[in-house]
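Novice: Pasting a structure here, questions to come.
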Amino acid sequence: MPLYEYRCGDCQEITSVLVRTASDDKQPSCEHCESANVQRLISKFSFRASWGNSLNWVPSHETTSDLDENSGASIDKYMGRIKKEMGGQTTPDFNRERRDIKNS
Ligand SMILES: [Zn+2]
0 MPLYEYRCGD CQEITSVLVR TASDDKQPSC EHCESANVQR LISKFSFRAS WGNSLNWVPS
60 HETTSDLDEN SGASIDKYMG RIKKEMGGQT TPDFNRERRD IKNS
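Laid out in C-alpha cells, this is it:
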C-alpha cells in the first residue's frame with residue numbers, strides 16, 4: 000500500500016495518506032488546517048517497498064534526487080544521512096536493511 004505525503008501550502012505541515020487502491024488517488028485536505036492547498040511530495044521509498052513501515056519517519060524534506068538506487072554504496076550513503084538527521088535514532092529494521100544493502 001503506497002503512502003503518499005502532501006505538504007500544505009498554507010501551514011507547511013505534512014499530511015500522510017495511505018492510498019488503498021489506484022482509484023483512491025484523490026487530493027486530500029490538510030489534516031492540520033483542513034486547507035485543500037496541498038501538494039504531493041515525491042514518494043521517497045518507491046524504489047524499495049520492502050523497507051515498509053520502519054522508514055515512514057524519514058524526514059519529509061529528504062529526496063532521492065541524488066540517489067542511485069542500483070548502487071548499494073549510494074543507498075548506504077543516503078541512509079547514513081537520514082540516520083544523522085534523525086540524531087542517530089534508527090530502528091533495528093533500518094540498521095538491518097542498511098547492512099543488507101551494503102553487503103549486496
Ligand atoms: Zn495546513
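First residue of the sequence shown: 0, per numbering that gives the first Met the number 0; consecutive thereafter. Even glycine gets a Cβ: it sits at the ideal position worked out from N, Cα and C. Values in this document were obtained by computation on a predicted structure and should not be read as measured data.
(1) By Cβ distance below 7 Å, which residues in the same chain neighbour arginine 97 in space, the five residues on each side in sequence not counted?
(2) Closer than 7 Å to a non-hydrogen atom of ligand 1 - does that hold for the CB of serine 15?
(3) First and last residue of the alpha helix (DSSP H) that includes glutamate 84?
(4) Using a strict less-than 6 Å threshold between each residue's beta carbon and the heavy atoms of ligand 1, what residues do you get?
(5) With distances taken Cα to Cα, identify the nearest neighbour of cysteine 10 among Cys29, Leu40 and Gly87.
(6) Less than 7 Å between the CB of aspartate 67 and some heavy atom of ligand 2, yes or no?
Specialist: The answer reads as follows:
(1) Same-chain partners within the cutoff: Asp75 and Met78.
(2) Relative to ligand 1, the beta carbon of serine 15 is positioned no closer than 7 Å to any heavy atom.
(3) Glutamate 84: member of the alpha helix (DSSP H) spanning 71-84, first to last residue.
(4) With the cut-off at 6 Å, the residues found are Cys7, Asp9, Cys10, Glu12, Cys29, His31, Cys32 and Ser34.
(5) For cysteine 10, the closest C-alpha among the options Cys29, Leu40 and Gly87 is that of Cys29.
(6) Ligand 2 is not part of the structure shown, which contains ligand 1 as its ligands.
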